[in-house]
Each structure stands twice: as structure tokens, then as C-alpha cells.
């Protein structure tokens, strides 16, 4: 699948998610089993009962001997030449959802460094939204507990330090992708002048999970659905909307000053272009 096809598919998936979002809660109000500590960094905006229901929005992962699983394998094989390249290194950085790295991952696309000094409201929003995006995926994650590609093929990922957790955390859907795509959608609201760059970075953030050998392509596709559905739900939350307005003002001020040192945007651009 070409990059253009991937972009079009991602946009289509997100549109379907926004249209299909029904606001139903995950089955029951009990907190799901959450293996990834990244999704516990800060309390989210939404109560468990207010999260979009992955059990309603998503079907099961691809089964054996299906065209969908064959596509997953083809997409995995297509990324093998990228291992140990600049794109592999970027995928490793994208895998780190801890802060400040998670904010740095989107600073180049934003055109402004996202940090706790220059953009404190946005920085805190990212952490709160991360919990919402991650938790939205665990209904289906826990139901199917899909095995990750690096385990199936007895290979490594781009982050050896995370593999122990990933082995026991369901692959479908991708929580990292839900976060990356959800962040990108919100960032595009905050900084519409950079919307295309931000949405493209959000798409590549998800593709990093396939390149990292941590997720199948169908995991990433489903993660985008949950990220978009969660953003749709956040648009009705008063606290989120107040923070969104404050972040917009904060971003305008930051663009006028541009006092913080940016990450290495040239290296990121080169990695994303395949150079």
C-alpha cells in the first residue's frame, strides 16, 4: 500500500469513527485491566462510563487464513528494510509516550516546541488525553488479547525495554496509535494553520507501530478509530473545551515568541521522507 493510500485510508477510517461514535460506555463501569503504564500518567478527562465503547465500534482482529491477515503480513514485510534506519529510530522515539518525549514527537509538526514552560496548558492536556485514548482501547484489547507480530515471528522491536510489557498487552487495537491520532486531531483544532502537517504526523505516528514491529496494520487502523471516537466524545466535555480554548491562546502567544529550542526537525523530516 502506498503512502497516499495509507493517508486516504486513515482519513476514511477516522471519518467513519466520528460518524459512528455513539457515546456508549465500555461494557460495565469497572476499570479495565491496563497493562501499559503510559496510560496511567495522569487522570483523563472522561470517566470510564463516558469513554467510547471499542466493543461496539470495532469487530474482532483478522482471523487466520483471511485476506485481512495476509495484508497485515504484507505490511509487516514491507517495513523490514526500514529497520536500523532513521525511520526505525523515529519509530523508537514515537514508542515513548512518557513526557517530555511524547510532546517533542509533535513539536516539529506543531511548529512550536510543546513543553511545560512555553505551553503548560497544552502539555498537561496531552497527558490527560493520553489516558482517555489509551483506556478507550482496552475493551477489545482484553477481550481478544491478540499476539503481537514480534512475538509471532520471534523477532525484536525498536524498543527492547518495552517488550516485556508488550508480550502481555493485547496488540489489537493500538493504544499508541489512538493517542497519536487523537492528539493530531486536537492539535489541528488548536493550530489550524499547521493542520496538514499535524495530521500527517499523526498518521506516521501510527505507522511507527508497524515499523517498530510492535503492532499489525489492522491494530493501527483500529487504533485510529478509537482515537477519533475519543476526540468526538471530548468535544462535549466542558473541562476539555475550557482547556482547548486556553491552549489556543497559549499557542498564539508561543508562536509569537518562539523562545524554546526545537527538537531536530531536519532529522525528523529526513526520516519521514525516507532519506
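Residue numbers (mature numbering (1 follows the signal peptide of the UniProt record, and there is no 0)): -27 to -1, 1 to 248. Each residue gets a CB set at the ideal place from its N, CA and C atoms; glycine is no exception. All of these numbers come straight from a predicted model, not from anything done at the bench.
Run of the alpha helix (DSSP H) containing residue i, from where it starts to where it stops
i: residue 239; result: 238 to 246
i: residue 53; result: Looking at the DSSP string, residue 53 is not in any alpha helix (DSSP H), and its letter there is neither H nor E.
i: residue 211; result: 211 to 230
i: residue 197; result: 190 to 207
i: residue 99; result: 93 to 108
i: residue 117; result: 111 to 117
i: residue 78; result: 74 to 83
i: residue 163; result: 148 to 163
i: residue 173; result: 168 to 184
i: residue 30; result: 27 to 30
i: residue 125; result: 122 to 125
i: residue 87; result: Premise fails: residue 87 is in no alpha helix (DSSP H) and is neither H nor E.
i: residue 136; result: 136 to 139
Beta-carbon proximity of residue i to residue j, cut-off 8 Å
i: residue 243; j: residue 84; result: no
i: residue 25; j: residue 119; result: no
i: residue 111; j: residue 7; result: yes
i: residue 207; j: residue 162; result: no
i: residue 191; j: residue 41; result: yes
i: residue 260; j: residue 64; result: Since the first residue shown for the chain is -27 and the last is 248, residue 260 is missing from the structure and cannot be characterised.
i: residue 106; j: residue 155; result: yes
i: residue 171; j: residue 82; result: yes
i: residue 201; j: residue 109; result: no
i: residue 17; j: residue 116; result: no
i: residue 71; j: residue 181; result: no
i: residue 239; j: residue 92; result: no
i: residue 113; j: residue 27; result: yes
Spatial distance of residue i from residue j (CA atoms)
i: residue 205; j: residue 19; result: 12 Å
i: residue 149; j: residue 229; result: 31 Å
i: residue 237; j: residue 32; result: 39 Å
i: residue 52; j: residue 197; result: 19 Å
i: residue 87; j: residue 99; result: 10 Å
i: residue 188; j: residue 147; result: 7 Å
i: residue 186; j: residue 129; result: 7 Å
i: residue -23; j: residue 176; result: Reliability fails at residue -23, whose pLDDT of 46 lies under 50, so the model's placement of it is uncertain and the value that follows must be treated cautiously. Distance between the alpha carbons of residue -23 and residue 176: 12 Å.
i: residue 123; j: residue 50; result: 12 Å
i: residue 15; j: residue 138; result: 19 Å
i: residue 195; j: residue 220; result: 28 Å
i: residue 133; j: residue 199; result: 26 Å
i: residue 126; j: residue 46; result: 10 Å
i: residue 55; j: residue 95; result: 32 Å
i: residue 212; j: residue 36; result: 41 Å
i: residue 245; j: residue 121; result: 24 Å
i: residue 164; j: residue 80; result: 12 Å
i: residue 61; j: residue 136; result: 16 Å
i: residue -2; j: residue 104; result: Any reading at residue -2 needs caution, since the residue's pLDDT is 38, under 50, leaving its predicted position unreliable; the model's value is listed next. The alpha-carbon atoms of residue -2 and residue 104 are separated by roughly 15 Å.
i: residue 140; j: residue 247; result: 29 Å
i: residue 222; j: residue 78; result: 21 Å
i: residue 184; j: residue 225; result: 34 Å
i: residue 97; j: residue 44; result: 37 Å
i: residue 29; j: residue 173; result: 27 Å
i: residue 234; j: residue 39; result: 48 Å
i: residue 90; j: residue 131; result: 30 Å
i: residue 160; j: residue 209; result: 17 Å
i: residue 215; j: residue 76; result: 20 Å
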